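Undergrad: Numbering-wise, the numbering used here comes out as the position in the sequence shown, counting from 1, plus 593.
Attaching a single structure in structure tokens format; questions to follow.
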Amino acid sequence: MLLVLNGVSKQYAMTGFRIGWAVGPKDLIKVMNNIQSHQSGNPCSLSQHAAVAAIHGHQGSVRKLAGELEINRDEMVRLLRQIPGLDVQPPQGTFYCFCDFRAFDRDSTRLAAHLLEKILVVTVPGVEFGMEGYLRLSYCGAIEDVREGVRRIQWLLDPAAGDTLESGGTVFTR
């Protein structure tokens, strides 16, 4: 059995539109449709028209974005792998790295709050996805932001690093 799920959220940067689809065996799709119809309403007609325009429109920007995200992914993975004790597996189909930070803190909510408070780096605790001790890091921004975010994380987690870090006119202290 083959089941294909897709949507416009990531590929077309239309995350708020909530437009997606499934292709598969008719009986399975019927059951999925019954369940979905009780969990969410229908997308508005403007969202539907925008999704159709995106899917049928010029795809050059999609290919360009995919290329940029691939570069960002490779750079983030390379830099994160330089942090001793951090387990990093390259993501296969998203613009997030989902990394095992348990060597530093087994409580992902506490670690995410610490990173935000001390170095202004936003992460999402893995406990939100059923993976305590992991953090989700996005690489969908500019490559410079990806590099700077990882640099700050590396500094904060390295006990041998200095007590301060200067970044863009801001001085961070432990």
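All residues carry an ideal CB built from backbone N, CA and C; glycine is no exception.
No experiment lies behind these values; they were computed from the predicted model shown.
For T687, name the three-state secondary structure that DSSP assigns.
TA: It is coil, neither helix nor strand.
Undergrad: Expressed to the nearest angstrom, what Euclidean distance is found between the alpha-carbon atoms of R695 and Q641?
TA: Taking the straight line from one Cα to the other gives about 42 Å.
Undergrad: For the beta strand (DSSP E) containing E759, name the first residue and the last one.
TA: Unbroken beta strand (DSSP E) run through E759: T757 to S760.
Undergrad: Here's the rule I'm using: 16 or more other beta-carbon atoms within 10 Å means buried, otherwise exposed. How should A735 be labelled?
TA: Under this definition A735 is an exposed residue.
Undergrad: Could you tell me which of E741, Q747, D620 and P677 sits nearest to G762, measuring between CA atoms?
TA: Residue E741 is the option with its Cα nearest to G762.
Undergrad: Would you say the stretch 632-652 touches the stretch 611-624, given that touching needs at least three Cβ pairs under 8 Å?
TA: Yes, they touch.
Undergrad: For D751, which three-state DSSP category applies?
TA: Note: D751 maps to coil in three-state DSSP.
Undergrad: Please report the straight-line C-alpha distance between S731 and H631, rounded to a whole angstrom.
TA: About 31 Å.
Undergrad: Provide the residue(s) that pair with T766 in DSSP beta bridges, ordered along the chain.
TA: T757, per the DSSP bridge assignment.
Undergrad: Ends of the beta strand (DSSP E) at N599?
TA: That run of the beta strand (DSSP E) goes V597 to G600.
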